[in-house]
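To keep things clear, I will list the structure first and then write my remarks on it.
Numbering (UniProt numbering), first residue to last: 1 to 83.
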């Protein structure tokens, strides 16, 4: 699974998709990560203001990693295909 993340909404979508791919409920992910279910819901819905440490807790629980790369110079038209 590979997602382009540029906004909190993109990040929430990526986390939701990874959780669903592993057939986990928000409650199960909360138990695995130590993050409250309500917080997971807010993140998945694209709410900003989440602590970076919380994001890393979810990423680790979902067995994902973050790769930082230069932003592509292409048009944003292709972004629709990603989601």
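Idealized CB from N, CA, C, for every residue including glycine.
Assumed close pair residue i, residue j - CB separation to whole angstroms, cut-off 8 angstroms
i, j, result
"residue 64", "residue 18", "6 angstroms"
"residue 54", "residue 39", "6 angstroms"
"residue 29", "residue 4", "Actually they are not in contact, since the Cβ atoms of residue 29 and residue 4 sit about 22 angstroms apart, beyond 8 angstroms."
Nearest-angstrom Cα separation, counted from residue j out to residue i
i, j, result
"residue 6", "residue 27", "26 angstroms"
"residue 34", "residue 52", "14 angstroms"
"residue 2", "residue 73", "18 angstroms"
"residue 42", "residue 50", "9 angstroms"
"residue 56", "residue 62", "10 angstroms"
"residue 23", "residue 14", "14 angstroms"
> Any contact of the stretch 9 to 18 with the stretch 38 to 52, i.e. 3+ C-beta pairs under 8 angstroms?
Replying inline: Counting Cβ pairs under 8 angstroms, three or more are found: they touch.
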